[in-house]
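**Student:**
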Amino acid sequence: MKKTPKKLGQPIDQVLILAIKSSGQTHYKLGHATGVAPSQIDRLVSGERSISLETAAKLASELGLELRPRRG
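Numbering (the working numbering), first residue to last: 2 to 73.
1) I'd like the span of the alpha helix (DSSP H) that includes Ser53, first residue to last.
2) Would Met2 be called buried (16 or more neighbouring beta carbons within 10 Å of its own) or exposed?
3) So, for Arg69: in the same chain, excluding its five sequence neighbours on each side, which residues have a beta-carbon less than 7 Å away from its beta-carbon?
4) Work out the CA separation of Val46 and Ile18 for me, nearest whole Å.
5) Can you look up Leu64 in the DSSP assignment and give me helix, strand or coil?
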């Protein structure tokens, strides 16, 4: 069974990195499914690049995550 991130309040990039690593999908396959360049996913996972809300939404959808605004 795959682990999925469940902690609330974590930065979205950290949640997505954990979900990408836990998914077992290659960056190429994930990129093909989302329209996000595999090189962009590589840079996100390695911490070299921040993520836009649009890219986060694409990756989250493919990884079975839901983006919701934080209530403050």
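For glycine and all other residues, C-beta sits at the position ideal for the given N, C-alpha and C.
These numbers were taken from a predicted model, which means no experiment stands behind them.
**Tutor:** Looking at the atomic coordinates:
1) Neither: Ser53 is in no alpha helix (DSSP H) and is coded neither H nor E.
2) Legend: pLDDT at Met2 = 41, less than 50; position of this residue unreliable, no value from coordinates given.
3) none
4) 5 Å
5) coil
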